[in-house]
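2 protein chains.
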Amino acid sequence: MTEESMTEEICAVSPKRFENFPEWYQQVIKLADMAENSPVRGCMVIKPWGYAIWELIQKELDEKFKESGHKNAYFPMFIPLRCFENEAKHVEGFAKECAVVTHTRLQADGNGKLVPASELEEPLIVRPTSETIIGEMFSKWAKSYRDLPIKINQWANIVRWEMRTRMFLRTTEFLWQEGHTVHSTPEEAVEEARSMLKCYTDFAESFLAMPVIPGMKTESEKFPGAEDTYTIEAMMQDGKALQAGTSHFLGQNFAKSSNIKFINRDGQEEYGWTTSWGVSTRVIGGLVMTHSDDNGLVLPPNVAPVQIVICPIYNEDTRSEVLECCHRLLDELKSRMFDKHPIRIEVDDRDIRGGEKAWEWIKKGVPIRVEIGMREVTSKNVCVYRRDESPKTCKSFGFSEFVNIVGNILLDIKNSLFGRAKKFRDDNSKHISSRDEFFDYFKSEHAGFAHAHWCGDPKIEEQIKSELGVSIRCIPISDAQESNSVQGTCIFTGNPSPQEAIFARSY
Amino acid sequence: MTEESMTEEICAVSPKRFENFPEWYQQVIKLADMAENSPVRGCMVIKPWGYAIWELIQKELDEKFKESGHKNAYFPMFIPLRCFENEAKHVEGFAKECAVVTHTRLQADGNGKLVPASELEEPLIVRPTSETIIGEMFSKWAKSYRDLPIKINQWANIVRWEMRTRMFLRTTEFLWQEGHTVHSTPEEAVEEARSMLKCYTDFAESFLAMPVIPGMKTESEKFPGAEDTYTIEAMMQDGKALQAGTSHFLGQNFAKSSNIKFINRDGQEEYGWTTSWGVSTRVIGGLVMTHSDDNGLVLPPNVAPVQIVICPIYNEDTRSEVLECCHRLLDELKSRMFDKHPIRIEVDDRDIRGGEKAWEWIKKGVPIRVEIGMREVTSKNVCVYRRDESPKTCKSFGFSEFVNIVGNILLDIKNSLFGRAKKFRDDNSKHISSRDEFFDYFKSEHAGFAHAHWCGDPKIEEQIKSELGVSIRCIPISDAQESNSVQGTCIFTGNPSPQEAIFARSY
Numbered sequence: 000m001t002e003e004s005m006t007e008e009i010c011a012v013s014p015k016r017f018e019n020f021p022e023w024y025q026q027v028i029k030l031a032d033m034a035e036n037s038p039v040r041g042c043m044v045i046k047p048w049g050y051a052i053w054e055l056i057q058k059e060l061d062e063k064f065k066e067s068g069h070k071n072a073y074f075p076m077f078i079p080l081r082c083f084e085n086e087a088k089h090v091e092g093f094a095k096e097c098a099v100v101t102h103t104r105l106q107a108d109g110n111g112k113l114v115p116a117s118e119l120e121e122p123l124i125v126r127p128t129s130e131t132i133i134g135e136m137f138s139k140w141a142k143s144y145r146d147l148p149i150k151i152n153q154w155a156n157i158v159r160w161e162m163r164t165r166m167f168l169r170t171t172e173f174l175w176q177e178g179h180t181v182h183s184t185p186e187e188a189v190e191e192a193r194s195m196l197k198c199y200t201d202f203a204e205s206f207l208a209m210p211v212i213p214g215m216k217t218e219s220e221k222f223p224g225a226e227d228t229y230t231i232e233a234m235m236q237d238g239k240a241l242q243a244g245t246s247h248f249l250g251q252n253f254a255k256s257s258n259i260k261f262i263n264r265d266g267q268e269e270y271g272w273t274t275s276w277g278v279s280t281r282v283i284g285g286l287v288m289t290h291s292d293d294n295g296l297v298l299p300p301n302v303a304p305v306q307i308v309i310c311p312i313y314n315e316d317t318r319s320e321v322l323e324c325c326h327r328l329l330d331e332l333k334s335r336m337f338d339k340h341p342i343r344i345e346v347d348d349r350d351i352r353g354g355e356k357a358w359e360w361i362k363k364g365v366p367i368r369v370e371i372g373m374r375e376v377t378s379k380n381v382c383v384y385r386r387d388e389s390p391k392t393c394k395s396f397g398f399s400e401f402v403n404i405v406g407n408i409l410l411d412i413k414n415s416l417f418g419r420a421k422k423f424r425d426d427n428s429k430h431i432s433s434r435d436e437f438f439d440y441f442k443s444e445h446a447g448f449a450h451a452h453w454c455g456d457p458k459i460e461e462q463i464k465s466e467l468g469v470s471i472r473c474i475p476i477s478d479a480q481e482s483n484s485v486q487g488t489c490i491f492t493g494n495p496s497p498q499e500a501i502f503a504r505s506y
Numbered sequence: 000m001t002e003e004s005m006t007e008e009i010c011a012v013s014p015k016r017f018e019n020f021p022e023w024y025q026q027v028i029k030l031a032d033m034a035e036n037s038p039v040r041g042c043m044v045i046k047p048w049g050y051a052i053w054e055l056i057q058k059e060l061d062e063k064f065k066e067s068g069h070k071n072a073y074f075p076m077f078i079p080l081r082c083f084e085n086e087a088k089h090v091e092g093f094a095k096e097c098a099v100v101t102h103t104r105l106q107a108d109g110n111g112k113l114v115p116a117s118e119l120e121e122p123l124i125v126r127p128t129s130e131t132i133i134g135e136m137f138s139k140w141a142k143s144y145r146d147l148p149i150k151i152n153q154w155a156n157i158v159r160w161e162m163r164t165r166m167f168l169r170t171t172e173f174l175w176q177e178g179h180t181v182h183s184t185p186e187e188a189v190e191e192a193r194s195m196l197k198c199y200t201d202f203a204e205s206f207l208a209m210p211v212i213p214g215m216k217t218e219s220e221k222f223p224g225a226e227d228t229y230t231i232e233a234m235m236q237d238g239k240a241l242q243a244g245t246s247h248f249l250g251q252n253f254a255k256s257s258n259i260k261f262i263n264r265d266g267q268e269e270y271g272w273t274t275s276w277g278v279s280t281r282v283i284g285g286l287v288m289t290h291s292d293d294n295g296l297v298l299p300p301n302v303a304p305v306q307i308v309i310c311p312i313y314n315e316d317t318r319s320e321v322l323e324c325c326h327r328l329l330d331e332l333k334s335r336m337f338d339k340h341p342i343r344i345e346v347d348d349r350d351i352r353g354g355e356k357a358w359e360w361i362k363k364g365v366p367i368r369v370e371i372g373m374r375e376v377t378s379k380n381v382c383v384y385r386r387d388e389s390p391k392t393c394k395s396f397g398f399s400e401f402v403n404i405v406g407n408i409l410l411d412i413k414n415s416l417f418g419r420a421k422k423f424r425d426d427n428s429k430h431i432s433s434r435d436e437f438f439d440y441f442k443s444e445h446a447g448f449a450h451a452h453w454c455g456d457p458k459i460e461e462q463i464k465s466e467l468g469v470s471i472r473c474i475p476i477s478d479a480q481e482s483n484s485v486q487g488t489c490i491f492t493g494n495p496s497p498q499e500a501i502f503a504r505s506y
């Protein structure tokens, strides 16, 4: 870095990760200019840098969905109260936190103050999820087994009236995709729910470089109205779990409440079998808490709006020569690909101090920063900083050498971020074999994941939740073993346990 | 077409275009499976075929916006009443048709019926447009001239409580993009508003093959709160005008109501100059009414989710040979480009009757349908139907000849659709030089565009609106002449008129 560099001591995020994790998190987002709070309680503004990350996520998921035969559509955001009421558990789960539209006009009262007017006969609920309204439509579309499967995805905004909000992680309005499918057999619907879980797992690990544990939710943690809820759980750098995506096998519950019936191959009328699955802007919060460090945001290359930034270092005399060299590098790099896409690259030729500029890009998490000054122009070298390494570590490469290996460097960054996050998770996970050890483990505020046998008794879940703030994140499923069904003894009750579960505090 | 073809008489849309245009329109949308009404009053469901069209529109516009330096972001959908109230004309324009959120919970009343609970202290308005909420944020982001221009775009859903709705054209909820910018001088803001109008004009004409007239709205037709509203106006096949996109120079009106102030180069505090501009799903309605015919939807190639469909014609014996040939064609066509994108192509190998299949694709508006049977396999030919020609007109091409010229055929279809629509507009436009002639022209329900001199008196506008249902669509701007400023005499008042205006009935 140039002599005018600002030092890490001055520039790093304050507080540091392990001083105050929640405040560090807010600062990382603020310093990367990803989002900020809005005048609307609990709603954030997603600024261009944060939204560009979401667009990359959307593009990747959207391609995966389409490849697996799903089609996008759009359904009304308003749900009539009667549709919403049909599924009892569902309404129980969402009624406490929904925005209700009751009027369709504003008019001035006696004092000239605008007040709601034209009250609706039936209030409308702003979708907290769309199973009920999409179910109404599916009931018209699914007439015969020939119409099935129906495989639909929607990109939409969602509202849940949250009391305590935090940017990306929990906001009143958020963005997501929600997949909704109908099948003619339960086996096919379960297969769909599981294959979308697999899709999310691959996406989290290969695209976001975020290791996750795929598994099933317990009865008490399921989606309201689901038969089975599958989840991917990631570990944040404070040891807490984040649910990064879910996929639900809904059985015939919503088919019954929405009247989705079809004539099967035997000419009999039958209820359909449905699934739903979703990933939201929350995953961006997970991304921040998985990879970022005390210097700010760290982005894996796939999800970085800018993958390489070229910063010219010049004075008045050397300006044009240095800039020319930067643009030559830009042009050459533009023809290079990373993970099947052209590399996203920028020259930052703003007239601000080199150190300030460097720190801006560090805080924005750009994977590779290249500095080119007169020394580099003369020696035909480039000076390369990797965001996953110390901001002081610079490697020098020959101009064309760098162009040739840039894809490998990006891949290496991705792998190193994944490996680092996986190691952190492993280092902060523990197999636990007694109740005492369990309570002891979760004494620490920064406890990670506990793997332990559990007999399935929901009272245990209630107890550890109220006493320790700990929940069962999932019963893991691995590719190798269909479910983690190693017989054992419940560490809480001493009863036989069919499975290990993962326990953690969570977002 | 094959012998089992269904005849045009049976398959065409009923009613025909010129029998009952509004009903024809609904039928075209229904038969193409683009959208349908939902259980929510005034809200439609955009089905996969309709949504895929919207995605193509989004992709094209999004690229154009990004190329011209705009960045995407996302702002809350809820607007606090106080933000909304700040601009007087704006609130007047939208207060009569907005959805108001007043409660944040549902709870059971004495009879177990769910009713709204937890009333908000300040009601929230679901955005009918986002100038006010985005303005609030811009007031924090624009501190100095160095922060300007700010050029933001948002893809979002919008709610306006419409009394009479029609699919795509006017729905309570719709999808759109809204650009919002702040500039340090009025000149730069006007230039932005005009350059986005140019962007929309190019998009409409080159992408949608929809000829439009760019122009300015009169005082009474402006966006509530704008200084100037620019518009593109297209003619539908019933002669009515459709406003297909608008761009507003907002002066300092919203800057004042949202307090967007910056320090200019002279160190003085000044209000910013803002613009906004938008295109919505309404443009899909315009697309339908511009190109479609009595056989259903007609899609210009750029906006067709499938540009070429290959339909195999076979019996049990020839099935595998015919299918193999279809897939060979598919593979070869996949490497071909149209307008810089790979051609979107499908083989429809469903086991349904050939005629039924052909008519499905005709009604969906796919530009090219290729039929391959044993005769074609043997002769190494393909049988090609263009959607812009009669469904009975088939041209035979050699297999590789077709592969080589397919891009030209698509281009020719686009040009022919544009030419046809332009000719229709010219044939249905008239220069009018007297008041009597004007009233006479609009006696016909299917009158088109009248070009006539108008002195600028808004009373004339009121009168022709109430007596004829006709409005001034715009004062045209052409590239050649800055505005259509040919001096003349107002046909209504005999006063000097600085300009010709375009008069029409409209959607």
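In the order they appear, the protein sequences are chains A and B.
Count the first sequence with numbering that gives the first Met the number 0 and you get residues 0 to 506, in order.
Count the second sequence with numbering that gives the first Met the number 0 and you get residues 0 to 506, in order.
Cβ atoms here follow ideal geometry from the backbone N, Cα and C, with glycine treated the same way.
Small disclaimer: the values here were computed from a predicted structure and weren't measured.
### Task
Kindly say whether A:I45, judged by its beta-carbon, lies nearer than 8 Å to any beta-carbon of chain B.
yes
### Query
Thinking C-alpha only, which one of A:M195, A:Q462, A:E323 and A:K458 is nearest A:F438?
A:Q462
### Message
Determine, for B:R104, whether the minimum Cβ-Cβ distance to residues of chain A falls below 8 Å.
### Response
yes
### Query
Residue range of the beta strand (DSSP E) that A:A449 falls in?
Run containing A:A449: F448 to H452, per the beta strand (DSSP E) assignment.
### Task
Kindly indicate which three-state DSSP category A:L322 falls into: helix, strand or coil?
helix
### Task
Starting from B:W160, find everything on chain A with Cβ-Cβ shorter than 9 Å and list it in chain order.
T103, R104 and S117
### Message
Measuring straight from C-alpha to C-alpha, what distance separates A:K413 and A:L147?
### Response
39 Å
### Query
Rounded to the nearest angstrom, how far is the Cβ of B:H247 from that of B:T228, given a contact under 8 Å?
5 Å
### Task
From the DSSP output, in three-state form, read off B:M166 for me.
coil
### Message
Can you look up A:G41 in the DSSP assignment and give me helix, strand or coil?
### Response
coil
### Query
Closer than 8 Å, CB to CB, is A:L409 near chain B or not?
no
### Cβ shell of B:S496 (< 7 Å), same chain only, five flanking positions each side left out
H452, W453, C454, G487, T488 and C489
### Query
Beta-carbon separation of B:V302 and B:W360 under 8 Å?
no
#### Entry: A:T131 (DSSP reduced to helix, strand or coil)
helix
### Query
Alpha carbon to alpha carbon, what distance is there between B:V158 and B:L80?
15 Å
### Query
Alpha carbon to alpha carbon, what distance is there between B:K63 and A:N71?
23 Å
### Beta-carbon proximity list for B:E118, same chain, < 7 Å, skipping 5 on both sides
T101 and H102
#### Entry: Separation of B:H326 from B:N380, as counted between CA atoms
14 Å
### Beta-carbon proximity check, B:V211 vs B:A188, cutoff 8 Å
no
### Task
Just confirm the distance between the C-beta atoms of A:L416 and B:E84, as a whole number of angstroms; I'd bet it's less than 8 Å.
Between A:L416 and B:E84 the beta-carbon gap is near 48 Å, outside 8 Å, which marks them as no contact.
### Query
So what's A:T217 in DSSP terms, helix, strand or just coil?
coil
### Extent of the continuous beta strand (DSSP E) run through A:L119
Boundaries of the beta strand (DSSP E) around A:L119: L113 to V125.
### Query
In chain A, which residues lie with their C-beta within 7 Å of the C-beta of B:P148?
Simply none; closest approach about 13 Å.
### Message
For A:P341, count the other beta carbons within 10 Å of its own beta carbon; 16 or more makes it buried, fewer makes it exposed. Which is it?
### Response
exposed
### Nearest-angstrom Cα separation, counted from B:L328 out to B:N206
In the sequence on display, residue 206 of chain B carries Phe and not Asn. Approximately 26 Å, taken between the alpha carbons.
### Message
Assuming A:G295 and A:V27 are in contact, meaning their beta carbons sit under 8 Å apart, how far apart are those beta carbons, in whole angstroms?
### Response
5 Å
### Query
DSSP puts A:W154 in a beta bridge; with which residues?
A:Q176
### Query
Using the beta-carbon of each residue, which ones in chain A are nearer than 9 Å to B:L296?
Per Cβ cutoff of 9 Å: no residues; B:L296 is ~17 Å from chain A at best.
### Query
I think B:M136 touches B:F74, with their Cβ atoms under 8 Å apart; what is that distance to the nearest whole Å?
7 Å
### Task
Tell me whether A:T200 sits in a helix, a strand or coil according to DSSP, three-state version.
The answer is helix: DSSP assigns A:T200 an H, G or I state.
#### Entry: Rounded Cβ spacing between B:I474 and B:Q498 (contact assumed at less than 8 Å)
5 Å
### Query
Any C-beta of chain A sitting closer than 8 Å to the C-beta of B:S143?
For B:S143, the closest Cβ of chain A is not nearer than 8 Å.
### Query
Which partner residues does B:K70 have in the DSSP bridge list?
B:I151
### Query
Candidates B:D425, B:E204 and B:W272: which alpha carbon is nearest B:E226's?
B:W272
### Task
Over the uninterrupted beta strand (DSSP E) stretch that includes B:S428, give me the two end residues.
S428 to I431
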